[in-house]
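Shown next, in structure tokens, is the structure this report addresses.
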Amino acid sequence: MIKLEFLGALSFVGCSGVLVDTGKAKLVLDYGTKLQEIPPKFPLPIQGKADAVLLSHCHLDHSGAVPLFNANSNSIPVYAKDVTKNLCELLWMDSIKISREEGIELPFTKHDVVKTIDSFVPAKYRQQFNFKGSKITFFDAGHIPGSSMPLISSGGKNILYTGDFKTADSRLLKGADSDLPDIDVLITESTYGYRDHPDRKSQEKLLIETIKNTLAVNGVCLIAGFAVGRLDEILLVLDSYGIDYPLYIDGMAKKAITIINRHKSLMKEPNALDKALKKAEYITEEKQRKKIIRQPCVILTTSGMLSGGPIVGYIKKLYDNRDCSLVLSGFQCVTEDTNVYLNHEHDEIKSLFKQSDKFLKNNNLEIRKLNEKIASFNINKRCFDIGRIAFTARRRHDGEVIKLTLESGKELLLSPEHPVLTKDMKYKKAGNLTIEDEIIGV
Ligand SMILES: [Zn+2]
């Protein structure tokens with residue numbers, strides 16, 4: 018009889034890991050960490066000896082604990098796409114470095130990472146292979162380059178593990194494989210399954226509008242995001258709308274994009290990244306960083322939860338400049354003064370408020386909160402500038418404007434589309450606010 022054991026995740030994001038015991042082999046589907054906690058959390062240990070890892074993708078919540086097998090003197094094959102191997106090496110080495118900076122010793126070393134990387138076995142999409150009495154096939158998950166949905170066929174049963182998956186095409190990738198055999202057991206992610214994501218086109222337009230408005234007042238637009246699968250996607254979004262401004266890439270994203278661009282066959286349009294990269298410049302030195310922010314420009318940089326890497330330096334330098342904007346593009350440490358444009362992930366925002374306070378304090382930045390009820394609002398039609406409360410864009414709009422007067426007498430002028438964070442941790446468009454709403458961030 019096939020047995021399934023869940024080693025983490027289920028009720029939270031992180032520590033993804035499932036043990037499939039076919040009776041002839043113990044197969045581990047992902048083995049990730051929970052990064053939001055310091056020190057990071059690891060999945061439950063496996064009783065007995067595992068035989069192989071089938072790794073869906075490199076993101077640390079799915080892969081971060083894989084080097085533990087080698088650290089525990091259990092070197093086992095790790096089946097994954099080629100690009101996943103290269104990206105895992107980058108992310109695992111970086112997680113050791115960051116942990117050391119935080120004064121935490123992870124339970125595996127660089128040596129364990131090197132040994133684990135050596136034990137990778139490349140898997141090809143839709144090509145079945147045998148492993149100890151099971152037939153295994155990797156299908157494309159459409160989530161990030163190399164992301165896979167391993168299918169285990171054993172004892173007459175088909176077990177599909179989706180990992181993170183995306184069914185729709187993105188600019189970078191085709192959507193997940195949908196031509197699948199009949200499945201008896203489906204193990205799937207449901208993290209965002211209950212949410213209606215905002216329409217992609219409108220989010221892209223908001224991003225482009227933010228960039229244009231920032232550059233129009235000679236500001237710097239800082240765009241933070243995941244190194245793998247997000248900043249590469251944003252780069253293609255920018256390219257599709259035309260890049261006629263200085264564009265820079267900083268942080269670990271440089272290495273990640275370079276790796277991904279070596280695996281052109283994984284991309285929807287193999288030369289798309291090459292084309293977009295021609296318009297961007299990689300930033301490698303501190304003196305370059307000081308120089309580029311003197312002129313209006315767009316900087317794509319790895320988010321590091323706003324806690325490490327070049328983004329910290331940029332924010333410190335630009336924090337008091339009201340003409341600059343910060344765009345956060347996904348799961349992220351968020352302050353009351355920032356907006357999340359591409360993904361509105363409210364639960365995470367709530368849990369990360371504490372971290373953002375810590376970030377601001379550590380960097381001697383002022384915490385400015387807006388916790389007020391609306392006293393009145395009306396709609397104007399005129400051109401205006403919005404001086405944002407803190408480190409965000411000064412926006413120019415021609416047309417409809419919502420004028421909010423808060424109980425303190427403070428006035429805000431917002432476009433009807435402008436996202437406003439209300440006390441119940443929901444984003445509302447300024448145009449949809451009511452007098453009952455209490456605003457905690459714009
Ligand atoms: Zn992922």
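The sequence shown begins at 18 in the numbering used here and counts up by one.
Ideal Cβ positions, reconstructed from N, Cα and C, are used throughout, including at glycine.
Check: Take the Cβ of Leu61 as the centre, count every other Cβ of all protein chains shown within 10 Å, and call the residue buried at 16 or more, exposed below.; Outcome: exposed
Check: Give me the DSSP bridge partner(s) of Cys238.; Outcome: Val315, Ser342
Check: Could you please go through the chain and list the residues whose beta-carbon is closer than 5 Å to any non-hydrogen atom of ligand 1?; Outcome: His76, Asp181
Check: Please specify which runs of the beta strand (DSSP E), each continuous and at least 3 residues long, are wholly inside the segment 86-154, giving them in chain order.; Outcome: 95-97, 137-139, 146-148
Check: When the distance is taken between beta carbons, is Asp186 closer than 8 Å to Lys285?; Outcome: yes
Check: What is the DSSP secondary structure of Pro167, reduced to helix, strand or coil?; Outcome: strand
Check: If you drop the 5 nearest sequence neighbours on each side, which residues of the same chain put their C-beta closer than 7 Å to that of Tyr330?; Outcome: Looking at the sequence provided, one finds Gly at residue 330 rather than Tyr. Around Gly330: Arg306.
Check: Determine the direct distance from the alpha carbon of Asn449 to that of Met110, and round the result to whole angstroms.; Outcome: 46 Å
Check: Between the C-alpha atoms of Gln349 and Gly426, what's the straight-line distance to the nearest angstrom?; Outcome: Any answer about Gln349 is weak, because its pLDDT of 43 lies below 50 and its placement is not dependable; what the coordinates show is given next. For Gln349 and Gly426, the distance between alpha carbons rounds to 32 Å.
Check: Do Thr101 and Asp78 come within 8 Å of each other at the CB atom, strictly closer than that value?; Outcome: no
Check: Reducing DSSP to helix, strand and coil, say where Ala233 ends up.; Outcome: helix
Check: When we look at the beta-carbon of Ile266 and count the other beta-carbons within 10 Å, is it buried (16 or more) or exposed?; Outcome: buried
Check: Quick one: give me the first and last residue of the alpha helix (DSSP H) that Asn175 is part of.; Outcome: Segment 174-178 is the beta strand (DSSP E) holding Asn175; no alpha helix (DSSP H) there.
Check: According to DSSP, is Gly479 part of a helix, a strand, or is it coil?; Outcome: Any question about residue 479 goes unanswered here, given that the chain covers just 18 to 459.
Check: My assumption, with CB atoms under 8 Å, is that Gly244 sits in contact with Ala270. Please give the rounded CB distance.; Outcome: According to the sequence provided, residue 244 is Ala. The question's Gly does not apply to it. Confirmed, Cβ separation roughly 5 Å.
Check: Mapping DSSP to helix, strand and coil, what is Thr439?; Outcome: strand
Check: Using alpha carbons as the reference points, say which of Ser73, Phe23, Lys20, Leu52 lies closest to Phe156.; Outcome: Ser73
Check: Find the nearest neighbour of Ile63 within the set Val45, Val437, Leu123, Leu52, judged by alpha-carbon distance.; Outcome: Val45
Check: Exposed or buried, which one is Tyr258 when buried takes at least 16 other CB atoms within 10 Å?; Outcome: exposed
Check: Of all the options Glu428, Glu455, Val130, which has the alpha carbon lying nearest to the alpha carbon of Lys440?; Outcome: Glu455
Check: Within a Cβ cutoff of 8 Å, which residues of the same chain sit near Lys272, ignoring the five residues on either side of it in sequence?; Outcome: Leu107, Ala244
Check: Buried or exposed: Gly150, going by 16 or more other Cβ atoms within 10 Å of its Cβ?; Outcome: exposed
Check: Hey, out of Glu428, Ile161, Ile328, Val202, whose CA is closest to His280's CA?; Outcome: Ile161
Check: Is the beta carbon of Ala193 closer than 8 Å to that of Leu252?; Outcome: no
Check: DSSP on Thr422, reduced to helix/strand/coil?; Outcome: strand
Check: On the three-state DSSP scale, how would you describe Ile260?; Outcome: coil
Check: Mind checking Gly31: buried by the 16 CB within 10 Å criterion, or exposed?; Outcome: buried
Check: Is there contact here, the segment 19-27 with the segment 114-128, by at least three beta-carbon pairs under 8 Å?; Outcome: no
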